[in-house]
Amino acid sequence: MQMNTESPPAQDESSLGFFGQVNRMFGNAAEQTEHPLGVLYQIRACDNIIRFEFPIKRDDGTIQVIRGYRAEHSHHKKPTKGGIRYAPNVNVDEVMALSALMSYKCAIVDVPFGGAKGGVCIDARNYSQDELERITRRYTFELSRKDFIGPGTDVPAPDYGTGEREMSWIMDTMHQIGDDDLNSLACVTGKPVGQGGVRGRTEATGRGVYYGIREACSFEEDMQELGLAPGLENKDIVVQGLGNVGYHAAKILEEEGGANIVGIAEIEGAIHDPTGLSVDDVVAHREETGSILDFPGAEDIETSAKALELPCDILIPAALEGVITTDNAPRIQASIVAEAANGPVTSQADDILQEKGVLMIPDVYLNAGGVTVSYFEWLRNLSHVRHGRMSRRFEERNAERILRAVDELTAEDFDEDLLETLIEQVGFGASERDLVNSGLEDTMAQAYTEIRDVRKEKNVDTRTAAFVSAINKIAQSYQQMGIFP
Ligand code: GLU
């Protein structure tokens, strides 16, 4: 769709850039909708972007100037929401693209936020903990001065290269600089549980990836088209990236889904074992030896990139963007590509994979588990109470009362031991983790059904269907605000 004459003309994947790639996918979906062009332009545009440079003192006493960004893609809902990544190649194009993906992602899973993303241009491995703390605090200070952070403004979260530790520095900095708003805990998510975090956030993106793949594989008709049996049991899976997302996704797929993890790729190379790898054993081996290579019983693959081409049912790129391009897409052997990372497949590579009949489970849907559980954390911070705190004991007693009533009503009495066992098994109130996981499972299942319905109705691929769903929901928000007809 020629949406904007100022857009670059037909482009190869490198000249298009990451934001251009996302907009190409957006354009494919926009063609399937009937919104006026002006509305589509507004949805596609990146509203605010800030770049700043600040000095920090290194441990050796030298001064280094650090560059940081924050992009707020869409304010159709407030606050805006999205992670902060620490990576050497962070740039304006990347944060704009990632913030756009956040807007679409939130819309797809009905999380009421606009999209944002931040980044700091550093390789976190080259900095000490003290240096990282100075960088994080200063970055937060800059965000705050420019009004790019706050519980109702813009709420960061972890992303590549950041985690709980950085989120708690961010929160503490906000408190130190005098944010004594009652809701100030909600200014960042992904915090440690003891500091306002929610149980289940750390593994949420990986767990969401598991629910999403399980959902996609549950439709017999769709699996038949790929020549696969429905369900996850014994599906051969290759995972690229054993970071927070890849690790939890692979572990849950193995342990709860009964899938066979046949390949794992990391920076140092990859390993392959068609009989199946134990994710935790591989992690333990890496901790011991510094590398996943030379894992007992597995074959070493020389590069992480080569592992993407291994034979398998499901390929999960869970590291960085742009790892499947027009160069390697023809050699991908998987029947399903499940995008746990943001933007791992270029738009042109996606065309090639679709032509090969590969089922793409797109990032905008599949890795939305992180922001979904961030939403639950934000709600917890605003309500100032742990999820389930008021209802847990009540639910427990209720379940016990029901069981005792059934016992009394049935002609034959349960024996007391059986009754006690039943009470133990079913008579428990939901913990915060149970509630978070069940909310996440429901969100991922609902969203997949919606996307699949659009896919069937419009006869388009899954990614286009996901974008159509996002565009429709964002357009509806603007309409409800009375901004557009
Ligand atoms: N960084 C994650 C993402 O890309 C999570 C964002 C959030 O929780 O706000 O989806």
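Just so it is clear: in the sequence shown, position 162 is 416 by our numbering, and no numbers are missing.
The beta carbon of each residue, even a glycine, is placed where N, CA and C say it ideally should be.
message: Here's a check: name, in chain order, each residue in its chain whose Cβ is nearer than 6 Å to the Cβ of residue 258, leaving out the five neighbours to either side.
response: Summary for residue 258: the model assigns pLDDT 42, below 50, so the residue's position carries little reliability; its value from the coordinates is reported in the next sentence. Result list for residue 258: empty, nothing under 6 Å.
- prompt: Quick one: complete alpha helix (DSSP H) runs, 4+ long, within the region 308–364?
  reply: Listed in chain order, the complete alpha helix (DSSP H) runs (minimum 4 residues) inside the region 308–364 are 346–362.
task: Assuming residue 463 and residue 594 form a contact by the criterion Cβ under 8 Å, report the distance between their Cβ atoms to the nearest whole angstrom.
output: Contact holds; Cβ gap of about 5 Å.
message: Whole angstroms are fine: how far does the CA of residue 450 sit from the CA of residue 754?
response: Examination of residue 754 is not possible in this model, given that the chain is present from 255 through 739 alone.
query: Pairing CB atoms from the region 323–338 with CB atoms from the region 392–411, are three or more of them under 8 Å?
result: Segments in contact, yes.
task: Can you tell me which of 569, 526, 491 and 589 puts its alpha carbon nearest to the alpha carbon of residue 480?
output: Closest option to residue 480, Cα to Cα, is 589.
- request: Please indicate yes or no: does the CB of residue 413 lie closer than 8 Å to some heavy atom of the ligand GLU?
  value: Residue 413 has its CB nearer than 8 Å to a heavy atom of the ligand GLU.
- prompt: Between residue 596 and the ligand GLU, is the CB less than 8 Å from at least one heavy atom?
  reply: The beta carbon of residue 596 sits closer than 8 Å to at least one heavy atom of the ligand GLU.
field: Three-pair Cβ contact test at 8 Å for the region 641–651 versus the region 680–692
entry: Yes, the region 641–651 touches the region 680–692.
message: At the level of alpha carbons, what is the spacing between residue 813 and residue 404?
response: No statement about residue 813 is possible, as the shown extent of the chain runs from 255 to 739 and does not include it.
message: Among the candidates 305, 487 and 605, whose CA atom is the shortest distance from the CA of residue 507?
response: The residue with the shortest Cα to Cα distance from residue 507 is 487.
task: Could you tell me if residue 331 is buried or exposed, where buried requires 16 or more neighbouring beta carbons within 10 angstroms of its beta carbon?
output: With 16 or more other CB atoms across the displayed protein chains lying within 10 angstroms of its CB, residue 331 is buried.
query: residue 698 lies in the alpha helix (DSSP H); which residues open and close that run?
result: Run containing residue 698: 686–712, per the alpha helix (DSSP H) assignment.
- request: Compute the Euclidean distance between the alpha carbons of residue 448 and residue 517, then round it to the nearest angstrom.
  value: When rounded, the distance between both Cα atoms is 36 Å.
- prompt: Where are the beta strand (DSSP E) runs, 3 residues long or more, that stay fully inside the region 463–546, in chain order?
  reply: Here the runs fully enclosed are 490–494, 514–520 and 523–526.
- prompt: First and last residue of the alpha helix (DSSP H) that includes residue 274?
  reply: Taken as a continuous stretch (DSSP letters only), the alpha helix (DSSP H) holding residue 274 covers 267–284.
message: Given this structure, state the Cα-to-Cα distance separating residue 615 from residue 470, to the nearest angstrom.
response: When rounded, the separation of the alpha-carbon atoms in residue 615 and residue 470 is 8 Å.
message: According to DSSP, simplified to helix, strand and coil, what is residue 256?
response: Its pLDDT being 46, under 50, residue 256 is placed unreliably in this model, and the coordinates cannot settle the point.
field: Residue burial classification, residue 262 (beta-carbon count within 10 angstroms, cutoff 16)
entry: Any reading at residue 262 must be qualified, since the residue scores a pLDDT of 38, below 50, and its modelled position is unreliable; the value itself is stated next. Label assigned to residue 262: exposed.
- prompt: Do you know offhand how far residue 643's Cα is from residue 547's?
  reply: Near 45 Å, if we compare the C-alpha coordinates of residue 547 and residue 643.
query: Which of the three DSSP states, helix, strand or coil, is assigned to residue 262?
result: Below a pLDDT of 50, predicted positions are generally treated as unreliable, and residue 262, at 38, falls in that range; the measurement from the model is reported next regardless. Residue 262 sits in coil when the DSSP states are folded into three classes, being neither helix nor strand.
- request: With a threshold of 16 other CB atoms inside 10 Å of the CB of residue 343, please say whether the residue is buried or exposed.
  value: If you draw a 10 Å sphere on the C-beta of residue 343, you find fewer than 16 other C-beta atoms in it, and that means exposed.
- request: Drop a sphere of 10 angstroms on the beta-carbon of residue 713, count the other beta-carbons inside from all chains shown, and report buried for 16 or more, exposed for fewer.
  value: It counts as exposed.
- request: Please work out which residues of its chain come closer than 7 Å, Cβ to Cβ, to residue 729, disregarding the five sequence neighbours upstream and downstream, and give them in chain order.
  value: Answer for residue 729: 289, 293 and 297, listed in chain order.
- request: Assign residue 413 to one of three DSSP states: helix, strand, or coil.
  value: Reduced to three states, the DSSP call for residue 413 is coil.
message: Under DSSP, the beta strand (DSSP E) around residue 741 begins and ends at which residues?
response: With the chain represented from 255 up to 739, any question about residue 741 goes unanswered, as that position is not in the structure.
query: How long is the line joining the alpha carbons of residue 415 and residue 671, rounded to whole angstroms?
result: Between the alpha carbons of residue 415 and residue 671 lies a gap of roughly 51 Å.
field: Neighbourhood of residue 400 by C-beta, 7 Å cutoff - its chain only, sequence neighbours within 5 removed
entry: For residue 400, same chain residues with a beta-carbon under 7 Å away, outside a window of 5 residues either side, are 304 in chain order.
- prompt: Quick one: what does DSSP say residue 584 is sitting in, helix, strand or coil?
  reply: Residue 584 carries a helical assignment under DSSP once its states are collapsed to helix, strand and coil.
query: Distance, Cα to Cα, residue 255 vs residue 287?
result: Its pLDDT being 48, under 50, residue 255 is placed unreliably by the model, and the measurement read from it follows with that caveat. Using only the alpha carbons, I get a separation of about 11 Å.
message: Can you tell me whether residue 709 is buried or exposed? The criterion is at least 16 other CB atoms within 10 Å of its CB, across all chains shown.
response: Label assigned to residue 709: buried.
Collapsed DSSP secondary structure at residue 734 in the structure displayed: If DSSP states are grouped into helix, strand and coil, residue 734 belongs with the helices.
task: Between the Cα of residue 275 and those of 717, 736 and 323, spot the shortest distance and give me the residue it belongs to.
output: For the residues 717, 736 and 323, the minimum Cα distance to residue 275 belongs to 717.
Any non-hydrogen atom of the ligand GLU closer than 8 Å to residue 373 Cβ: Incorrect: residue 373 has no Cβ contact closer than 8 Å to the ligand GLU.
task: Kindly list the residues whose CB is nearer than 6 Å to the CB of residue 676, restricted to its own chain and excluding five residues on each side of it in sequence; keep chain order.
output: Exclusion of the five residues before and after residue 676 leaves 657 as the residues of its chain whose Cβ lies within less than 6 Å of its Cβ.
query: Should residue 601 be labelled buried (16 or more other beta-carbon atoms within 10 Å of its own) or exposed?
result: With 16 or more other Cβ atoms from the protein chains shown falling within 10 Å of its own Cβ, residue 601 counts as buried.
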